Amino acid sequence: MVDYGGKEYLVFEVAALKEQDQYGKNHTAYISKKEVAPKGEKLED
3 MVDYGGKEYL VFEVAALKEQ DQYGKNHTAY ISKKEVAPKG EKLED
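Here it is as structure tokens:
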């Protein structure tokens with residue numbers, strides 16, 4: 003998730019595959035997940 007202007011947004015990414023998968027699909031999609039850093043640590047971007 004990305005914090006922008008005090009609101010949290012999901013990051014949704016669509017990517018082309020190098021070749022079709024076993025189901026004949028040419029693209030895939032990814033959705034970001036919120037990660038909580040351990041106390042005193044910062045997550046890397």
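Under my numbering, think of the first position of the sequence shown as 3, with each following residue one higher. Here a beta-carbon is modelled for each residue, glycine too, at the ideal position from N, C-alpha and C. The structure presented is a predicted model; accordingly, all values stated were derived computationally and were not measured.
{"Check": "Verify whether the separation of the beta carbon atoms of S34 and V16 is less than 8 Å.", "Outcome": "no"}
{"Check": "In chain order, what residues of the same chain have a beta carbon less than 6 Å from the beta carbon of K1, not counting five sequence neighbours either side?", "Outcome": "With the chain running from 3 to 47 in the structure shown, residue 1 is simply not present."}
{"Check": "For the region 7-45, list the beta strand (DSSP E) runs that are entirely contained and at least 3 residues long, ordered along the chain.", "Outcome": "9-11, 14-18, 29-33"}
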